[in-house]
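Engineer: Residue numbers for the sequence shown follow full-length UniProt numbering, beginning at 1 and rising by one. Right, I'll just put the structure down here and ask away after.
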Amino acid sequence: MAIVDNHISATEAGVRLSEATPGDYFALLKPRVMSLVVFTAMVGLVAAPGSLNPFIALVAILAIAVGAGASGALNMWYDADIDMVMSRTADRPVPAGRIAAGEALVFGLVLSAFSVMTLGVIVNWFAAGLLAFTIFFYAVIYTMWLKRSTPQNIVIGGAAGAFPPMIGWAAATGAVSLESVILFLIIFLWTPPHFWALALFKSGDYERAGIPMLPNVAGAAATRRQILAYSLLIAPVGVAPWAFGFASAVYGVLALALGVGFVWHAWRVFAMAEDDRAMKPAKALFAYSIVYLFAIFAAFLIDTVAGRIAGFGG
1 MAIVDNHISA TEAGVRLSEA TPGDYFALLK PRVMSLVVFT AMVGLVAAPG
51 SLNPFIALVA ILAIAVGAGA SGALNMWYDA DIDMVMSRTA DRPVPAGRIA
101 AGEALVFGLV LSAFSVMTLG VIVNWFAAGL LAFTIFFYAV IYTMWLKRST
151 PQNIVIGGAA GAFPPMIGWA AATGAVSLES VILFLIIFLW TPPHFWALAL
201 FKSGDYERAG IPMLPNVAGA AATRRQILAY SLLIAPVGVA PWAFGFASAV
251 YGVLALALGV GFVWHAWRVF AMAEDDRAMK PAKALFAYSI VYLFAIFAAF
301 LIDTVAGRIA GFGG
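Here's what the structure looks like:
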């Protein structure tokens, strides 16, 4: 009877395993996050001085994308318990039962090794080392430690999402520079107000999951103050590429306008009434912050390319 039961259990497990679709495995890679990683890494790679063989450049971007996806898979493996009780994450493949946790772990580890080795062998080992450190930082330092232990989780952990333009720069040059550090800082300072805006209108999710996000630990008023403070930092840092002379005045004006928009949205969150249950200002800031980051990196990319074309034409 035990043999029969074991066979049935194994069969049921096989059925559950067969329910996973390619789309489920793609979802493990956190494609929306990956798109941001790919874009900012591409900006870093294209903006870097010198030229890179198009094939090697493509391999570099793909390796960085796979590394970002590997981080997402490892995050979903470890966070399955808290994802299960949060409304915005409950349908992810692991907590929903479409992919076993062990499969997500193996998937993430294999992709991690593949992405780092590919970047090292075909591009350069400095960039590969940065990619390996980024995966480790996100999967271990942020996911396994910071996320569940401190309300500053997203401040320190935000470094993981800020590394891609630096990795792209390193892929092209084999080093980092002031330009790549500023691109890093833009994302690093953008991350807290972006996620704290989300945490304001999803605080119930984080409370149920036991995650010490700032609104749940310090309160909404303190979170709103922190959002405004970071917005006052991100606005001038966004203009820094022009201030340091590696972007044009056109970029500077656009970055300033985007930064003013960020501060305005943050001010609306700061001035939001305590009993505002709709949280419209926080939702608006969250949406604007996504537009801001894509727009400022797109502006920097276009400005760089246009400057090179103008210089070549001259």
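Note that CB positions come from ideal geometry on N, CA and C, so glycine has one too. None of these values were measured; they are calculated from a predicted model.
Looking only at its chain, what residues have a beta carbon closer than 6 Å to the beta carbon of I99, apart from the 5 residues adjacent to it on each side?
Structural biologist: As a working note, residue 99 is residue 99 in the sequence shown. Counting only Cβ-Cβ distances below 6 Å, and skipping sequence neighbours, we find A20, D24, P93.
Engineer: Grab the span of the alpha helix (DSSP H) containing T223 for me, first residue to last.
Structural biologist: In the sequence shown, counting from the first residue as 1, residue 223 sits at position 223. Residues 220-243.
Engineer: Give the single residue among A170, I154, K147 whose Cα lies nearest to the Cα of L130.
Structural biologist: Numbered from 1 along the sequence shown, position 130 holds the residue referred to as residue 130. Closest by alpha carbon: A170.
Engineer: So for K147, helix, strand or coil by DSSP?
Structural biologist: Your numbering for residue 147 matches position 147 in the sequence shown. Correct three-state label for K147: helix.
Engineer: Would you identify the three-state DSSP class for E207, choosing helix, strand or coil?
Structural biologist: By one-based count along the sequence shown, residue 207 stands at place 207. Residue state, collapsed to three classes: helix.
Engineer: If you follow the alpha helix (DSSP H) that E103 is in, where does it begin and where does it stop?
Structural biologist: Position 103 of the sequence shown, counting from 1, holds the residue named residue 103. Looking at the DSSP string, the run of the alpha helix (DSSP H) that includes E103 is 101-118.
Engineer: Decide yes or no for the touch test of the stretch 124-138 against the stretch 79-91: beta carbon pairs closer than 8 Å, at least 3 of them.
Structural biologist: Touching, no, given that fewer than three Cβ pairs across the two stretches are closer than 8 Å.
Engineer: Going by alpha carbons, who is nearest to A140 out of L52, L74, A162, P95?
Structural biologist: Counting from one through the sequence shown, the residue named residue 140 turns up at place 140. Checking the displayed sequence, the identity of residue 140 turns out to be Val instead of Ala. Comparing Cα positions, the closest option is L74.
Engineer: Which class does M279 belong to by DSSP, given the choice of helix, strand or coil?
Structural biologist: One-based indexing of the sequence shown puts residue 279 at position 279. Three-state DSSP puts M279 in coil, outside helix and strand.
Engineer: Could you tell me how far apart the beta carbons of V263 and S231 are, in whole angstroms, since I believe they sit closer than 8 Å?
Structural biologist: Numbered from 1 along the sequence shown, position 263 holds the residue referred to as residue 263. Numbered from 1 along the sequence shown, position 231 holds the residue referred to as residue 231. Indeed, because the Cβ distance is near 5 Å, the residues count as touching under 8 Å.
Engineer: Report back the beta-carbon spacing between P151 and P212 to the nearest angstrom; my notes put them in contact at under 8 Å.
Structural biologist: For the purposes of this step, residue 151 is taken as residue 151 along the sequence shown, with counting starting at 1. For the purposes of this step, residue 212 is taken as residue 212 along the sequence shown, with counting starting at 1. Correct: roughly 5 Å between the Cβ atoms.
Engineer: Do you know how far the Cα of A128 is from the Cα of D5?
Structural biologist: Position 5 of the sequence shown, counting from 1, holds the residue named residue 5. Position 128 of the sequence shown, counting from 1, holds the residue named residue 128. At D5 the pLDDT is 41, less than 50, meaning the model places this residue with poor confidence; the figure from the coordinates comes in the next sentence. Taking the straight line from one Cα to the other gives about 48 Å.
Engineer: State the Cα-Cα distance for the pair E103 and S149, rounded to the nearest angstrom.
Structural biologist: If you number the sequence shown from 1, residue 103 lands on position 103. If you number the sequence shown from 1, residue 149 lands on position 149. Looking at the two C-alpha atoms, the distance is approximately 26 Å.
Engineer: Return helix, strand or coil for S35, following the three-state DSSP convention.
Structural biologist: Position 35 of the sequence shown holds residue 35. Note: S35 maps to helix in three-state DSSP.
Engineer: How is the alpha helix (DSSP H) around A159 delimited, first residue to last?
Structural biologist: In the sequence shown, residue 159 corresponds to position 159, counting from 1. Note, A159: alpha helix (DSSP H), 153-162.
Engineer: For F107, which of A57, F126, M76 has the nearest alpha-carbon?
Structural biologist: To locate residue 107, count along the sequence shown from 1; it is residue 107. Out of A57, F126, M76, M76 has the C-alpha closest to the C-alpha of F107.
Engineer: Evaluate the contact criterion for the stretch 277-286 versus the stretch 193-204: three or more CB pairs, one atom per stretch, below 8 Å.
Structural biologist: Taking 8 Å as the limit for Cβ pairs, the verdict is that the stretch 193-204 does touch the stretch 277-286.
Engineer: I'd like to check one pair, S115 with G67: are the Cβ atoms closer than 7 Å?
Structural biologist: Mapped onto the sequence shown, residue 67 falls at position 67. Mapped onto the sequence shown, residue 115 falls at position 115. Contact flag set, yes.
Engineer: Could you tell me the boundaries of the alpha helix (DSSP H) in which N216 lies?
Structural biologist: Numbered from 1 along the sequence shown, position 216 holds the residue referred to as residue 216. 214-217 is the span of the alpha helix (DSSP H), which, as asked, contains N216.
Engineer: Taking DSSP as the reference, what is the three-state secondary structure of V176?
Structural biologist: Within the sequence shown, the letter at position 176 stands for residue 176. Three-state result, V176: coil.
Engineer: DSSP state of T21, grouped into three classes?
Structural biologist: Walking along the sequence shown from the start, residue 21 turns up at place 21. DSSP places T21 in coil when its eight states are reduced to three.
Engineer: Where V46 and A172 are concerned, what is the direct C-alpha to C-alpha distance, given to the nearest angstrom?
Structural biologist: Within the sequence shown, numbered from 1, the residue matching residue 46 stands at position 46. Within the sequence shown, numbered from 1, the residue matching residue 172 stands at position 172. Roughly 8 Å separates the two Cα atoms.
Engineer: Can you give me the C-alpha to C-alpha distance between V239 and L105, rounded to a whole angstrom?
Structural biologist: Looking up residue 239 in the sequence shown gives position 239. Looking up residue 105 in the sequence shown gives position 105. Cα to Cα, the separation comes out at about 40 Å.
Engineer: Do L258 and A295 have their beta-carbon atoms positioned less than 7 Å apart in this structure?
Structural biologist: On the sequence shown, position 295 is the one that residue 295 refers to. On the sequence shown, position 258 is the one that residue 258 refers to. In this structure, L258 lies closer than 7 Å to A295 by Cβ.
Engineer: On a CA-only basis, which of G69, M279, Y292 is nearest I234? Give me that one, please.
Structural biologist: Position 234 of the sequence shown, counting from 1, holds the residue named residue 234. Looking at the Cα atoms, Y292 is the closest of the given residues.
Engineer: Comparing alpha-carbon positions, which option in V59, E179, G157 lies nearest P49?
Structural biologist: Locating residue 49 in the sequence shown gives position 49, where the first residue counts as 1. Taking only the C-alpha atoms, the option nearest P49 is E179.
Engineer: Could you give the DSSP three-state label for P193: helix, strand or coil?
Structural biologist: Position 193 of the sequence shown, counted from the start, is the residue given in the question as residue 193. In this structure, P193 counts as helix in the three-state DSSP scheme.
Engineer: Rounded to the nearest angstrom, how far is the Cβ of F188 from that of A229, given a contact under 8 Å?
Structural biologist: Within the sequence shown, the letter at position 188 stands for residue 188. Within the sequence shown, the letter at position 229 stands for residue 229. 14 Å between Cβ atoms; not a contact.
Engineer: Out of V155, A27, I56, A96, which has the shortest C-alpha to C-alpha gap to T191?
Structural biologist: Working through the sequence shown from its first residue, we reach residue 191 at position 191. For T191, the nearest C-alpha among the options comes from V155.
Engineer: Note the first and the last residue of the continuous alpha helix (DSSP H) segment covering I141.
Structural biologist: For the purposes of this step, residue 141 is taken as the residue at position 141 of the sequence shown. Here I141 belongs to no alpha helix (DSSP H), and DSSP marks it neither H nor E.
Engineer: Between A243 and M86, which are expected to be in contact by the criterion C-beta below 8 Å, what is the C-beta distance as a whole number of angstroms?
Structural biologist: Numbered from its first residue, the sequence shown carries residue 243 at position 243. Numbered from its first residue, the sequence shown carries residue 86 at position 86. 40 Å between Cβ atoms; not a contact.
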